[in-house]
Amino acid sequence: MKPLRQQNRPIISYVPRVEPAPPDHAVRMEGFQDVYLLRGKYVAFVLVGEHFRRSPAFGVPEAAQRWATQMRQETDV
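Going by the UniProt record's numbering, 65 is the number at position 65 of the sequence shown; the sequence numbering is gapless.
This is how it looks when you write it as structure tokens:
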């Protein structure tokens with residue numbers, strides 16, 4: 001077997017952006033709690049403490065909602 005390339009490559013994790021509020025031009029998606037349509041992609045905004053955390057852009061709203069649910073669970077623990 002060939003060895004995996006880039007074995008010592010550091011893992012880059014996503015650090016959520018902290019924003020005061022969802023932007024005005026973001027359109028809230030019906031049927032989802034935290035998902036907004038922003039520039040053709042689905043983004044979740046979760047209120048953590050006094051600020052909103054913004055998810056990475058997703059292609060489907062269900063993925064953004066899963067991210068938001070996971071963020072809520074991590075902050076509740």
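Note that CB positions come from ideal geometry on N, CA and C, so glycine has one too.
Item                                                                                                                                                  : Value
Going by beta-carbon coordinates alone, are Arg54 and Ala44 separated by less than 9 Å?                                                               : yes
Have a look at the DSSP bridge pairing and note the partners of His51.                                                                                : Val48
Going by alpha carbons, who is nearest to Gln65 out of His51, Lys41, Glu50, Gly49?                                                                    : Lys41
Who are the near neighbours of Trp67 in its chain, counting only those whose CB is closer than 6 Å to its CB and skipping five residues on each side? : Ala44, Ser55
Relative to the alpha-carbon of Val48, which residue among Glu74, Arg39, Asp24 has its alpha-carbon at the smallest distance?                         : Glu74
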